[in-house]
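What follows is a short report on a single structure.
Numbering (UniProt numbering), first residue to last: 1 to 957.
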């Protein structure tokens with residue numbers, strides 16, 4: 001069955017009708033059909049079919065009907081007839097639907113060869129217009145906005161999430177002025193009739209109302225929801241970003257804006273969420289049935305609704321209740337508009353036709369005007385800026401700066417222009433200076449005469465041009481259009497912080513690149529763009545191949561750009577004029593500013609230079625004549641040849657692009673610090689403290705430090721060392737004393753589990769063994785398995801626990817089977833505490849390790865005697881459980897079941913050994929543990945570790 005798209009008749013309030021004669025073999029009638037070229041078939045309602053063609057049987061339809069939003073239209077059936085209009089007579093298939101208006105679809109429209117005369121288009125209430133055009137103008141396709149009943153979004157209910165820790169607040173009635181009470185009563189009555197609110201007798205939440213007058217003299221009644229909003233958990237659905245909206249409208253030339261009538265009131269509020277909206281008036285207590293204005297969760301909820309409704313439609317953007325429809329030409333716009341209107345109607349949403357604007361060449365949206373030419377400031381805002389008087393106090397000045405900052409991206413050098421005005425805010429007493437007045441006038445002129453900015457298009461080649469001066473950073477985002485012209489998308493600039501002003505020239509230029517790319521991340525990420533700079537060294541240092549050569553700071557910045565795909569292009573300052581100007585006239589912003597000293601740097605120095613503090617090292621760098629001259633040279637810039645430098649700086653020329661400065665410390669590459677002359681000997685002695693020899697000492701120094709001729713200095717120092725050929729002085733590892741696991745209070749409180757294997761000589765189902773032992777009774781369990789998955793282990797444990805119950809604590813190593821979420825859930829359900837032993841130290845689970853050793857010896861015996869493993873192990877387990885354990889002196893079976901096991905050796909003789917008491921058992925176990933600890937500690941050379949917090953230790957890799 002085919003699927004046919006159609007528009008419902010509710011979409012049209014100014015209908016174009018065509019009177020036709022419908023004839024079958026048994027009946028004939030004249031009917032006025034509404035022309036709808038958006039419907040692929042022609043339809044008639046059931047009442048028309050019953051009245052004239054009830055004796056004609058309906059056949060199964062060949063197609064199913066759906067709307068633009070994929071809602072199915074129920075079809076009762078279809079029948080064949082002859083349709084006549086004027087002198088044309090054609091056969092037709094008419095679809096019968098339950099309700100609605102008879103539609104003349106595209107099939108009959110083409111078959112009857114009809115056209116629509118634009119001049120004859122009239123409402124249905126007037127005379128029916130003559131049909132003479134191929135399509136109805138989109139201007140005439142509007143939803144039933146004139147309907148008296150408020151729209152209601154289909155299939156969407158807003159549920160407010162309320163914090164449980166907040167107590168409801170019942171506020172008192174705020175008395176209204178007598179002059180507005182009647183108007184408020186009328187407004188309440190209107191909302192009741194529209195089913196927006198309902199009366200209630202009581203509510204845990206009660207909020208007062210606030211009344212304001214509209215421009216048309218009517219009353220605006222608002223509810224003060226400040227207290228309820230404190231208890232509401234905000235919906236995380238985001239509002240669309242302005243730049244994303246404008247970027248999606250690239251190339252559009254025709255626009256329409258659609259406004260929803262009482263937008264929030266068209267969304268149903270969940271029954272359990274209505275009490276928090278309750279409000280009190282002089283007429284009593286009410287609460288909202290629909291989403292009210294002022295509720296903090298309303299904007300994100302409505303934005304979520306519109307995203308769902310408009311999802312998948314082309315040429316449409318929305319911001320809350322404002323919907324924008326656009327197209328590259330009239331035809332595309334009309335198609336998009338028709339689809340959007342159909343979707344909104346199908347979703348049950350009603351429009352505010354007074355605020356809808358169709359077929360516009362430009363569009364005012366979010367304080368901007370967008371057209372085919374690009375993006376411009378809103379004319380109303382421009383008028384407000386142009387007519388703004390000079391500020392007389394700090395508050396007025398801040399308001400003016402806030403308004404103009406919204407349009408900073410339109411103005412080149414905006415930061416410089418407003419700096420004199422900002423200076424007026426930094427004084428205790430506000431004083432309007434002549435410089436501030438000149439700045440005030442210049443800003444107004446620049447914004448009023450600002451050029452149109454291009455809308456960003458991801459498919460076009462993108463260029464980010466940057467530059468830096470001694471005081472600021474500047475950047476321009478441009479795109480290369482098909483006509484080979486570069487059009488500006490946005491300007492940006494900011495001032496440097498006091499710390500950033502101390503950077504070298506190369507570092508400032510690199511900072512400008514990183515700042516600009518991250519500022520426009522939403523435009524640049526995922527596309528290839530060109531990064532244009534007037535610093536030639538950055539073409540290498542910001543490329544991947546330059547990461548090893550770049551200074552510490554530049555290397556760190558370059559790493560931040562690794563997620564972007566770009567080409568670095570060098571362009572001389574004279575050709576990079578726009579960005580160069582912006583950097584010299586920056587916006588005083590500190591976004592993304594680098595910190596003066598990084599915490600990790602301090603920690604690194606303090607750790608690696610044990611005998612040399614950060615303070616001493618920094619002080620030595622500050623007074624070192626050689627490093628002082630080097631820092632000054634880096635700030636001024638390098639000459640073309642080394643011969644132009646002083647003799648002591650010539651060795652640095654070859655590595656000049658790798659040098660950077662952090663405060664007074666100079667780095668070569670990301671991490672190697674340049675050592676002041678005064679402490680170089682001390683650094684070498686520290687590196688050679690353990691007399692590792694020439695090669696190892698050099699390697700240690702090269703990883704952390706550098707200075708000219710460092711290798712030669714190391715060689716000379718080591719040659720003078722008497723003890724450099726001594727044995728390795730590396731610290732020996734002394735294990736810590738044993739800490740036996742405390743003896744449990746009862747059987748099956750504490751058990752240990754482990755995995756043994758793989759056994760290469762075993763059969764497939766015996767490749768691994770899962771072992772378990774009880775720490776109190778020493779009762780062992782073994783199960784063979786072909787794999788060691790978590791599922792196999794939990795199956796084994798489930799079987800064991802079904803016999804003995806759930807233990808209190810289970811001890812294991814850190815194998816992935818025991819650290820998985822599945823294993824954790826298995827234990828959590830049974831309320832079993834899981835203790836994992838220390839990494840690389842399986843001896844911490846000593847009981848299971850000893851049992852594993854016994855098991856391996858037993859399996860080796862079975863292998864030598866050529867016995868099958870499983871029967872052999874079962875017999876061994878019986879014997880082991882019946883044998884007194886060396887630690888407890890009692891068999892595991894006796895401790896587990898409080899009786900002796902009957903075996904093949906039992907010939908009916910009574911046992912001669914009495915069952916020990918709990919005190920005797922615990923005393924014996926404690927004595928055995930102490931003896932074992934003393935013997936093991938001596939044998940292993942154990943020592944109490946002298947490690948404290950902050951101690952330097954060796955870590956096994």
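Think of the CB as a built atom: it goes at the ideal place given N, C-alpha and C, for glycine as much as any other residue.
For residue j and residue i, the rounded distance between their alpha carbons
{"i": "residue 629", "j": "residue 679", "result": "17 Å"}
{"i": "residue 771", "j": "residue 756", "result": "7 Å"}
{"i": "residue 176", "j": "residue 226", "result": "19 Å"}
{"i": "residue 943", "j": "residue 934", "result": "12 Å"}
{"i": "residue 74", "j": "residue 365", "result": "40 Å"}
{"i": "residue 48", "j": "residue 239", "result": "47 Å"}
{"i": "residue 428", "j": "residue 392", "result": "15 Å"}
{"i": "residue 708", "j": "residue 674", "result": "9 Å"}
{"i": "residue 308", "j": "residue 372", "result": "29 Å"}
{"i": "residue 737", "j": "residue 854", "result": "24 Å"}
{"i": "residue 903", "j": "residue 949", "result": "56 Å"}
{"i": "residue 645", "j": "residue 426", "result": "44 Å"}
{"i": "residue 184", "j": "residue 219", "result": "7 Å"}
{"i": "residue 234", "j": "residue 295", "result": "10 Å"}
{"i": "residue 563", "j": "residue 471", "result": "28 Å"}
{"i": "residue 57", "j": "residue 82", "result": "15 Å"}
{"i": "residue 198", "j": "residue 273", "result": "13 Å"}
{"i": "residue 193", "j": "residue 229", "result": "27 Å"}
Contacts around residue i, its chain only, beta-carbon distance under 6 Å, and the 5 residues preceding and following it disregarded
{"i": "residue 924", "result": "889"}
{"i": "residue 407", "result": "377 and 447"}
{"i": "residue 401", "result": "none"}
{"i": "residue 752", "result": "773, 811, 845, 847 and 848"}
{"i": "residue 892", "result": "777, 778, 779 and 881"}
{"i": "residue 823", "result": "790"}
Contacts around residue i, its chain only, beta-carbon distance under 8 Å, and the 5 residues preceding and following it disregarded
{"i": "residue 597", "result": "Bear in mind that the predicted position of residue 597 carries a pLDDT of just 37, short of 50, making it unreliable; the figure below should be weighed with that in mind. These residues qualify, in order along the chain: 662 and 663."}
{"i": "residue 479", "result": "454, 456, 457, 460, 461, 462, 463, 486, 487 and 489"}
Residues near residue i by beta carbon distance below 7 Å, same chain, minus five either side
{"i": "residue 355", "result": "259"}
{"i": "residue 571", "result": "532 and 534"}
{"i": "residue 635", "result": "504"}
Distance CB(residue i)-CB(residue j) smaller than 8 Å
{"i": "residue 264", "j": "residue 292", "result": "yes"}
{"i": "residue 236", "j": "residue 223", "result": "no"}
{"i": "residue 270", "j": "residue 159", "result": "yes"}
{"i": "residue 555", "j": "residue 670", "result": "yes"}
{"i": "residue 887", "j": "residue 919", "result": "no"}
{"i": "residue 468", "j": "residue 476", "result": "no"}
{"i": "residue 104", "j": "residue 63", "result": "no"}
{"i": "residue 660", "j": "residue 553", "result": "yes"}
{"i": "residue 336", "j": "residue 315", "result": "yes"}
{"i": "residue 496", "j": "residue 374", "result": "no"}
{"i": "residue 151", "j": "residue 341", "result": "no"}
{"i": "residue 188", "j": "residue 286", "result": "yes"}
{"i": "residue 405", "j": "residue 420", "result": "no"}
Of the residues the options, the one placed nearest residue i, counting alpha carbons only
{"i": "residue 829", "options": "848, 837 and 808", "result": "808"}
{"i": "residue 463", "options": "309, 568 and 510", "result": "568"}
{"i": "residue 627", "options": "825, 887 and 706", "result": "706"}
{"i": "residue 687", "options": "700, 676, 484 and 695", "result": "700"}
{"i": "residue 833", "options": "750, 334 and 94", "result": "750"}
{"i": "residue 243", "options": "795, 519, 878 and 657", "result": "519"}
{"i": "residue 163", "options": "276, 182 and 193", "result": "276"}
{"i": "residue 52", "options": "112, 22 and 66", "result": "22"}
{"i": "residue 721", "options": "461, 502 and 690", "result": "690"}
{"i": "residue 241", "options": "625, 783 and 317", "result": "317"}
{"i": "residue 80", "options": "884, 59 and 99", "result": "59"}
Whole-angstrom C-beta distance between residue j and residue i, which should lie under 8 Å
{"i": "residue 742", "j": "residue 851", "result": "Rounded, the Cβ-Cβ distance is 19 Å, inconsistent with contact."}
{"i": "residue 456", "j": "residue 489", "result": "5 Å"}
{"i": "residue 313", "j": "residue 267", "result": "With a Cβ gap of about 20 Å, residue 313 and residue 267 do not count as contacting."}
{"i": "residue 510", "j": "residue 557", "result": "6 Å"}
{"i": "residue 494", "j": "residue 415", "result": "7 Å"}
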